[in-house]
Structure formats: structure tokens, C-alpha cells
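Reading the sequence shown from the start, the letters are residues 35 to 798 in our numbering.
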Amino acid sequence: MKKIEYIYKHCPIPGGGYVTGYTFHPKKENILYARTDIGGIYKFDFQKKVWLSLSDHVKAINSAEVLPLALAVDENNPNMLFAACGNTRENVLAVSDNFGKSFQLYPIPAKVNGNSPGRSTGERLAITDNYIYFGSQSEGLLRADRQTYTWEKINVKLSNEKTEKNITFIHVKGDRIIVGTDGSTNIQGNVRKNTLFISNDGGKSFKSLSVPKWYGDKRIPFYGFVPMRCAFDDEYMYVCFNLSLNRNKRLDFYAVDTDPCFDGRIFRYKLSESICEADDITPKSGFYDKNPNRSFGNGIHAIDVKDNVLFITSLSGAFADTIYASFDKGNSYKILLQGNDIGKVEVDVPYMKPEYNGNSTVIHWITDLKINPFNKNHAVLTTGTGAFMTYNLFDCEHDKEVIWYSQTWGIEETVHLNVYSPPSGEVKVIDIVGDLGGFAFKELDKPCENSFADSEGNRYITCLNADFAENDPNIVVATPRGNWRGLTKGGIILSNDQCETWNLLPKPHYLSEELSNTFNEIEKPNIDSGWTAISCDGKTIIWAVAKKMKFPANQVIRTEDNGKTWSFSTFNTIDETKLSLLHVKIYSDRVNPTLFYAFTGENRFFISRDSGKTFDEIIVPDSLINNDEIFFRGTSQVTVEPQNEGILWFSAGKNGLWRINSYDSNIKFQRILNDTIFCVGIGKGKQNSPHKTIFITGIVNDEYGFYRSDDYGQSWIRINNDNQMFGRISAIAGDPREFGRFYIASGSRGLIYGYPDFRQGNKL
């Protein structure tokens, strides 16, 4: 198969996701790694001050490495990097001997998931000369021989108890092993029992260490503090503990990454052979909140010590996240950063500006803080929006202000759900993204000033899709959630200036009581609002309203006056199927304004020829659906062909690539490829060609990659190499204005675009 070289770049959205932990090398200068919850592993370039991805080689079909749960380095061999990664199906130890440029993978006998509850704690990996220790989430403490990578279980328990299965962190030094757990295996009623253990004989036996006592509060379903992280100075071990509000009543919901904090503690343990009793050195105010009108206080998640100065962080929904420093080993504290009131934060990424976030800081989820072992003024902290750094940390000793900078360039780990490239206008690509809502890029290599927002600058979040009017791409509709602070409301939004400004369309509560109840849910923070499509002339908008993350056919509505009035769409099935059980996504034809399509989660296909008033079911070939629900999976994509009425392309996963011709009553389903195809996009055709260019991702001739067809699917060209995989891929879109260029909405590495590398002699 022919192959041409492509160049891939990011439409930059620096940060944007959760960085879960950092690892400095303790003996080699200028080595710093970051792990992210869904975006893989990064290495910091100290000279350029950018992050370099170590995960671009990861394929969508083997995505474990983009979900790192823990990192570790070898103190005596700076080349070595270890990462425990997994998506629960693939669970691997990734080992590199070249600073993360490449990895060898070894299976781990436990379910691992770097995006699961407790991902904010750690570290769960420890390396010695002979062994690798891993504190798993499901099988307790494991140890592997470094020569054979064979694993054995170390039983973390007291002699009369069961082995703890969910480990939060481990520390290994000689024969001493300290282990934090969630205490769920030996829980008594609703009280976690022992959560912190020590072994002084290499793991042969353990005893429990003292932990914070729980005072009882009916607002908490499970009592007991869970250890998050530990740190050491020359005299003490420090351990921070968290108590989650745990509204979901799950034992593994013990950290801020799954639920708000309710309380936090920090304990100081005198270093000795036994390490038993501890002092509670928690700051005196701002933690357990006795006010019944608030449901949570502060937790403590991050901790580090440098030159006998202790630094901790608290996390809160009731107050601002806070960084504390103690110059007397925890007897007293000074606040270095708290919201916008104490300390200083400088951001160089537009969407992070306070004015786009309710005039509040974006610093939240500070679950790890690490100080550079070679430069005490340089520290890095995690947030839910990427990495932040300071270069004057110890100015706090002299009562000077510590300045924190957004240090996110190179980190691209936002989850992109859909991507669109309009045929005209200033905007080249419309990006639909989890958490941050969406971006409209006028310049591909420059961040957007803000994501989708209302007239006050308050952002909408997590759109599921968007659509534009093909004949007037200035008209765009999207379906966002309302943001976390309630400053925006979920629903359907309309722009008449290509995403520059947005208006929230009125919701027709009058149509039915059931639909009105759904609208009330959608208006709550962070609730899916549905799926939308707009006719090519911009006159008809259809909204499949979301109900608990599904889009039932009996809640599909349409408007021809921009939301002033709405009516239900009618679905005519070939049987007596109850419409509330059919879950649909709607697509518009790019040429005929009266033509719409609906695909359902039950592998059914409908066409409307009257602007969405009625949809009639079309029988789908058995060879397409093969009794496997594919229309709603993340491994399929529907793309309607522009400038060619009634033509749809459908990537059906293992059922191949299909072209559907629906321009008259004689509907034709044609299989183009028998291979496994995940995404399909359509771009500008080759010069003088009658056909559009088709882009796909998938497995063609047993080789996963990105492919392009210039002859309408008759032949395919591979357009990526083995280091241009970019993890999980949600959707792709061809560029209608520039031949060969296409866009990748990844679930791991941000929004990417690719174009031919003409330096290699490629021809149009």
C-alpha cells in the first residue's frame, strides 16, 4: 500500500485536563515527568519550558498507555522510566531505558485505570535495585522481579484481617515499606478500619499506624480518613489524609477526583524503627465544616518538604484551594496561595483567564505539589486544567509574594468529541470538547481567545456535537452543558457569526410534562443536553433532547424560527417499537434543506424528507449491523457528503466502511471496505477530480493507521507513521478548502491537524 509523509500539529488548547502527578529524578538534574488522567505521559523541556509528549505512539486499539496511574524512576539509572497504565482491559507496566522515547510493555496481573477514582493519590510505584513495587487498585500490593517481570502479591494486612486491595501510595526504603490503602477490605459497618500500614521486614508482616479518628457525621456514608500522599524530612514522615463527601456512596470514592472533600488532616510521624504514634498538625481553621448549610469543608491532598520547610495543599468547594507553608515542621502555617485573594497567578492561555471563569481562578484539584530537588525555588503543582509552576517558592521565607504561572504549553490532553471544518468564513475548524465546551479556530496554530460562552463571558461546557448551515456557515448550533458554577444553563445554543457570540434558545416547556421535566434536569450544572442538526439553508433546527445521556426519539423536537416555537418530530417505525426506547442522533443533508437522517442506538436508520417533521424507517442490511449495536458506539462515525445530495459515509467499526445513497426512494447501502474502520471524514478533492477526498482511521490490511482516498474509496494511502497515532480518536473531519488537510478529534492528545509533507516530494 502506498504511503506518504504527513506533518501533524496541534490546534493548541494548552492544558485543559487533569494532570494527576509529577516525578522529578532525585539525582539527575532537569528530569521531570508528568502523568495525566487521559493524556498519557509528558517530559518537561527545561530549556524551552514546554512539555513533550511520550505517548504519541499509542494506538486507539491499544490505548492503555494514555491512562497512566503511577510513575517511577530508577535513582541509580536516570535513563529508566516506569509507568503503570491501563484501561482495565489492558493493564501494563511500561518500561523505558531512554527517558521515555520508547517503552517495552509487560502485563500487570491487576485491573489498572489511570482515569479511575483515586487517580489523584500516589505514588503507587516504587523501584529498588531488584524489585518493582506496585500498589494496585484491585489486587493490593504487587512486587515484580526486575529481571523477569513476574509478579507476586504482598499481603498488606494485620495478622487477623483480610488483605487490603485498593492501595493509595507506597514508599519503599530498604526493608521498610509504608503503604496507604482505602481501608475498604476490612471495613466495619460504614467505618473504614486501618488505612495506613508499615512493614520493617520487606513486606513479610505489617502493622497499622495511627490515623485521624473520625468523629461521626450523618452527612457522610462512609467514615474514616484515607491517606493520599507522604513526604519526609530529616526527622519526620508527613502523611496527608482526606475524607470525601462521597455522595455516590462508593468505597472507592475517597479522593477529590471523584467527589468534593468533607475534611482533611495531616499527621506527623517521628522517624524511628517502629514509627507508630503521630501528631495531628492540621492547620487550625478551614477544614471540618460544622455548618449544616454547607456539605463539605477542606481536604488535604498534596505534600512536599524541602530544606525542612513543609508545604501542603487543601482542596475545597466551599472555599478556594489553598497552598500552605510551615517553617516549624507543622506547628504553624502561612498561606501562600488562596484563590484570587492571596498569592499571584499569571496565565498565558486565554480560556484560563478569570473573566472567562466567573472571575475566579482556574487553579483547582491541587493533588500533587513537587519541589525541584536541584532548585528549591522551582515547584510544580497539579490542577484540573494542566500544570502550574513557580520559580520563587522560597521567597515565602521573606514574606514575598509567590507567583504561579500556567506552564501548560505542550500538554494537550483535552477530550474532543467532534470536529467540523466549514467551507467558508474566518473559522477554519469548529472543535467540540469535553469540559471546555468548544473552540472555533481562525488560526490553526494559535489558541482561541475563549471557548463557547455567553454575552458575559461565562463558558458553556461539554458540548456533545455541533452543526453548521452548509450554505451559510456563519450559522452554527451546538448542544452544551451548563457550567459547574451554574453561570450558564445547558440546552441548545445558536450563533449567527460563526461561534463568535451565542444565544441560548428558549426551551418549549409547553410541549409535554415529560419534556419539561427533562429541561429542568438539563438546566442543572454539568448535565448533557442532547444532539442537534441544522438544515443546509439554516432555517430548520432539530434537537434530540438528552435524557440521562440518551436521546429518545419521543423527545426529538424541531423549530423553523430559531426556537420561538417548537414541535415534535414524528418517527414511523416498521414495527410497534416504543419511541422512548429508540435513541437517535440526527444529521442534516449538506445540499437538500428538507433532508435529514437519524441513526439509532438499536442499529436502525430513518430518513426525513420534510424538514424533520416525520422520519421514516429504512431497513438496514444485516451485513452492516451484524447484530452488534454500532451506531451509538465511540468506534463509529457518520459523515454526510457536501455538494452531493443524499450521500452519507459510515464507519461501522469491525463491519467496515459504508456509503449510503439516499437521494431517491431506492436506498443503496454499499460496503467500501471490509476492514475495521472507526472514523470517516470528507475533505476537498484532488485538483480536477470529480470526487471528494475521503479520510479514515482504522485497520486496513491488518495495519492500524490513518488513510486517505483520492478516488472515492477505490484505493487508499497511509498518511501517518508509527509515532503519529495520538491515542484514542473520537472523530475526524476533512478540510473542504485545502486538499490533503484533515482534523483529528482525539480523546487523549487534543485537537490535531495533519497535512502532506511536501518537503518529502509528495505531489498533489
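By construction, the Cβ of each residue, glycine as well, lies at the ideal position given by its N, Cα and C atoms.
- Listed as beta-bridge partners of E490 by DSSP are no residues whatsoever.
- Under DSSP, L613 takes part in no beta bridge, so it has no partner.
- The alpha-carbon of G134 is positioned some 9 Å away from that of F116.
- Here the region 233 to 244 lies against the region 184 to 194, with 3 or more beta-carbon pairs under 8 Å apart.
- Apart from the 5 residues on each side of it in sequence, G459 sits with its Cβ closer than 8 Å to the Cβ of P507, N508 and Q532 in its chain, given in chain order.
- Annotation note: the region 365 to 428 contains the following uninterrupted beta strand (DSSP E) runs of length 3 or greater, listed N- to C-terminal: 368 to 372, 378 to 380, 403 to 405, 413 to 417 and 420 to 424.
- Short of 7 Å from the beta carbon of E124, and not among the five residues preceding or following it, lie these beta carbons of its own chain, in chain order: N96 and A98.
- Note on geometry: alpha-carbon atoms of I753 and Y67 lie some 30 Å from one another.
- In the three-state scheme derived from DSSP, where H, G and I count as helix and E and B as strand, H432 is classed as helix.
- Residue range W185 to I188 is occupied by the beta strand (DSSP E) that includes E186.
- Around S670, the same chain offers I664, S685, A686 and G687 as residues with beta carbons nearer than 6 Å, after the five sequence neighbours per side are excluded.
- The three-state reading of DSSP puts T574 in coil, since its state is none of H, G, I, E or B.
- C-alpha of D623 to C-alpha of R793: approximately 38 Å in a straight line.
- Per DSSP, the beta-bridge partners of D465 are V453 and F473.
- In the three-state DSSP reduction, E446 falls in the strand class (E or B).
- Per DSSP, the unbroken alpha helix (DSSP H) holding I556 starts and ends at E547 to I556.
- Of all alpha-carbon atoms in V654, I201, I786 and T628, the one lying nearest the alpha-carbon of D465 is that of I786.
- The beta carbon of P112 lies closer than 8 Å to those of H59, K61, K62, I65 and F133 in the same chain, with the five residues before and after it left out.
- Inter-residue distance for R210 and I337 is about 20 Å (C-alpha atoms, whole angstroms).
- In this structure, the CA atom of S601 is about 37 Å from the CA atom of F729.
- Judged by DSSP secondary structure, S780 falls within the beta strand (DSSP E) whose first and last residues are F776 to S780.
- Judged by DSSP secondary structure, D291 falls outside any alpha helix (DSSP H); it is assigned neither H nor E.
- Closest in alpha carbon position to I561, among T574, G468, K199 and G418, is G468.
- Between P655 and the set N551, S233 and F703, the nearest pair of CA atoms involves F703.
- G717 sits away from D791, with the two beta carbons spaced by 7 Å or more.
- Just measuring C-alpha positions, the residue of K82, I41, L101 and F137 sitting nearest S782 is L101.
- DSSP places L528 in the strand class (E or B) of the three-state scheme.
- Nearest to F301 by C-alpha distance, out of L403, N276, N280 and D131, is N276.
- Cβ atoms of G761 and D402 stay farther apart than 8 Å, at about 22 Å.
- Apart from the 5 residues on each side of it in sequence, V273 sits with its Cβ closer than 6 Å to the Cβ of P261, C264 and F301 in its chain, given in chain order.
- For N637, the number of other beta carbons within 10 angstroms of its own is at least 16, and it is reported as buried.
- The criterion of a C-beta distance shorter than 7 Å is not satisfied by W443 and V379.
- Counting the other Cβ atoms within 10 Å of the Cβ of H432 gives fewer than 16, which makes it exposed.
- Pairwise C-beta distances place the region 614 to 634 in contact with the region 567 to 581, as three or more of them are shorter than 8 Å.
- Within 10 angstroms of the beta-carbon of Q81 lie fewer than 16 other beta-carbons, which makes it exposed.
- For D71, there is no enclosing alpha helix (DSSP H), as DSSP marks it with neither H nor E.
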